[in-house]
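According to my numbering, the residues represented by the sequence shown are 12 to 325, in order. Glycine included, each C-beta is placed from N, C-alpha and C at the ideal position.
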Amino acid sequence: MTAELIAAFAAIVGQAHVRTDEDARQRYGVDALQIGHPADLVVLPAGTEEIAGIARLCNAHRIPLVVRGAGTGYTGGAVPVHGGVVVSMERLNRILEIDEDNLLAVVQPNVITRALQDAVEARGLFYPPDPSSLNQSSLGGNVAECAGGPRAVKYGTTKRYVLALEAVLPTGEIVRTGSKAVKNVVGYDLTQLLVGSEGTLAVITEITLRLVPKPAVQATIQATFSNIDAAVRAVSLLLAARVVPATIELIDEVSLAAVARRLNRPVAPQGTGAMLIIEVDGVPAGVEEEAARVTSACQAAGALSLTRSETAEE
Ligand SMILES: Cc1cc2nc3c(=O)[nH]c(=O)nc-3n(C[C@H](O)[C@H](O)[C@H](O)COP(=O)(O)OP(=O)(O)OC[C@H]3O[C@@H](n4cnc5c(N)ncnc54)[C@H](O)[C@@H]3O)c2cc1C
12 MTAELIAAFA
22 AIVGQAHVRT
32 DEDARQRYGV
42 DALQIGHPAD
52 LVVLPAGTEE
62 IAGIARLCNA
72 HRIPLVVRGA
82 GTGYTGGAVP
92 VHGGVVVSME
102 RLNRILEIDE
112 DNLLAVVQPN
122 VITRALQDAV
132 EARGLFYPPD
142 PSSLNQSSLG
152 GNVAECAGGP
162 RAVKYGTTKR
172 YVLALEAVLP
182 TGEIVRTGSK
192 AVKNVVGYDL
202 TQLLVGSEGT
212 LAVITEITLR
222 LVPKPAVQAT
232 IQATFSNIDA
242 AVRAVSLLLA
252 ARVVPATIEL
262 IDEVSLAAVA
272 RRLNRPVAPQ
282 GTGAMLIIEV
292 DGVPAGVEEE
302 AARVTSACQA
312 AGALSLTRSE
322 TAEE
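See the structure below:
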């Protein structure tokens with residue numbers, strides 16, 4: 012990239028927020044797979060107007076623009092495969108609003124998923140999407156990838172929670188989609204078009220997320236089975252018993268052996284071929300009823316062992 016162009020980007024974000032050194036070009040050129048292509052330039056904008064300026068400059072000079080959140084993706088979406096400018100969102104990392112009356116939060120895109128969850132849980136609210144990377148991933152990356160985890164069974168994935176977005180188009184135009192209203196049904200759903208778009212359509216600069224009340228209690232049931240078929244049967248039985256668990260995780264024999272090696276102790280009884288970890292949550296009476304139904308379903312499917320824990324630590 013020419014010195015004039017680098018100077019033009021520096022004029023938008025400030026010299027201190029431009030990286031041209033080899034180390035940065037390599038570091039911002041890979042995602043979690045650690046395979047990639049060096050960026051020509053890395054810029055760290057402070058806000059929407061600066062991002063719009065970067066987009067206009069890239070567009071005018073036909074320079075690829077690649078958005079980067081926390082870089083934990085595996086899809087290569089944050090990798091500048093054709094070089095160009097990597098726009099790191101790391102400075103846009105503030106929770107702008109937690110609106111307890113309307114059950115929503117407004118955030119900048121590089122708030123770490125866990126940080127929002129901790130902040131809203133402290134107020135008795137809950138942001139359910141739980142990719143395993145939630146201690147590192149950004150909410151912008153979660154929206155761009157429609158991230159989800161074990162809670163998807165009951166609570167769905169990121170898309171269920173995105174009410175509105177502010178975004179910068181490749182031309183530099185700033186757009187707002189959606190609204191804070193839950194029943195916002197008129198017109199094209201441009202918000203959901205951007206959810207899962209992996210940085211190909213726009214740079215997401217602000218996100219309005221729906222929250223739900225934090226469940227009062229939870230119970231976790233661990234059940235072991237001699238084989239995967241029995242574990243899968245237990246899941247069918249508990250769904251037939253009209254329980255939608257907050258989370259279900261199936262751990263196969265190979266993964267159980269890996270955990271046992273790592274902890275240097277057995278994690279399941281002899282002869283275990285599969286384990287289910289099932290969490291139910293809600294109000295106390297409901298959780299008791301659902302836990303009893305889960306236990307019955309696992310027993311009917313031939314569980315070798317059943318253990319119930321009550322605390323998050325367990
Ligand atoms: C150990 C580990 C466990 C994981 N577990 C899960 C899991 O359980 N479930 C799951 O869904 N994923 C999982 N992932 C994948 C990854 O963490 C998620 O896809 C996450 O949403 C990516 O967020 P990020 O901030 O790291 O995004 P990045 O990796 O930086 O970017 C990912 C994509 O989003 C785009 N993007 C980022 N920010 C923006 C923005 N502001 N505007 C527009 N586009 C943007 C990028 O261009 C890129 O295409 C895991 C990853 C790791 C390393």
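Whole-angstrom distance between residue j and residue i, CA atom to CA atom
i, j, result
"Gly207", "Leu150", "12 Å"
"Pro226", "Ile123", "22 Å"
"Val54", "Val77", "10 Å"
"Glu301", "Glu264", "27 Å"
"Arg187", "Gly58", "15 Å"
"Glu132", "Asp110", "13 Å"
"Leu189", "Met286", "The question names Leu, yet the displayed sequence has Gly at residue 189. For Gly189 and Met286, the distance between alpha carbons rounds to 41 Å."
"Ala116", "Thr219", "6 Å"
"Gly293", "Phe137", "12 Å"
"Asp129", "Glu15", "44 Å"
"Ala213", "Glu108", "23 Å"
"His28", "Ser237", "56 Å"
"Gln37", "Gly167", "35 Å"
"Val291", "Thr169", "20 Å"
"Arg171", "Glu156", "13 Å"
"Arg125", "Pro140", "10 Å"
"Val196", "Leu114", "18 Å"
"His72", "Leu180", "16 Å"
"Ala31", "Arg273", "Looking at the sequence provided, one finds Thr at residue 31 rather than Ala. So the alpha carbons of these two residues sit roughly 41 Å apart."
"Ala314", "Val254", "18 Å"
"Pro56", "Ile185", "15 Å"
"His48", "Arg134", "43 Å"
"Gly25", "Asp200", "36 Å"
"Val9", "Thr306", "Given that the chain is displayed from residue 12 to residue 325, the structure contains no residue 9 and the question cannot be resolved."
"Val243", "Val270", "21 Å"
"Ile46", "Gln310", "46 Å"
"Val228", "Ser247", "24 Å"
"Asn70", "Lys194", "36 Å"
"Asn146", "Ala35", "23 Å"
"Asp112", "Leu127", "17 Å"
Buried versus exposed, by CB contacts within 10 Å (16 or more), residue i
i, result
"Leu44", "exposed"
"Ser316", "exposed"
"Gly210", "buried"
"Arg276", "exposed"
"Glu61", "buried"
"Gln281", "exposed"
"Ile262", "buried"
"Ile215", "buried"
"Ile239", "exposed"
"Glu33", "exposed"
"Ser144", "buried"
"Ala192", "exposed"
"Ile289", "buried"
"Pro295", "exposed"
"Thr283", "buried"
"Thr86", "exposed"
"Gly84", "buried"
Whether residue i touches residue j by CB criterion (8 Å)
i, j, result
"Leu222", "Arg304", "no"
"Leu103", "Pro75", "no"
"Ile259", "Arg319", "no"
"Gly64", "Ile17", "no"
"Glu217", "Leu174", "no"
"Pro224", "Lys165", "no"
"Ala230", "Val298", "yes"
"Ala234", "Ala245", "yes"
"Met12", "Asp51", "yes"
"Gly94", "Asp42", "no"
"Ala66", "Gly183", "yes"
"Tyr39", "Val97", "yes"
"Ala178", "Leu204", "no"
"Ser148", "Ala158", "yes"
"Ala241", "Ala308", "no"
Beta-carbon separation (whole angstroms), residue i vs residue j, contact threshold 8 Å
i, j, result
"Pro142", "Asn153", "7 Å"
"Arg79", "Ala89", "4 Å"
"Leu68", "Ala19", "6 Å"
Any C-beta of chain C under 8 Å from that of residue i
i, result
"Tyr138", "The structure shown contains no chain C; it is built from a single protein chain."
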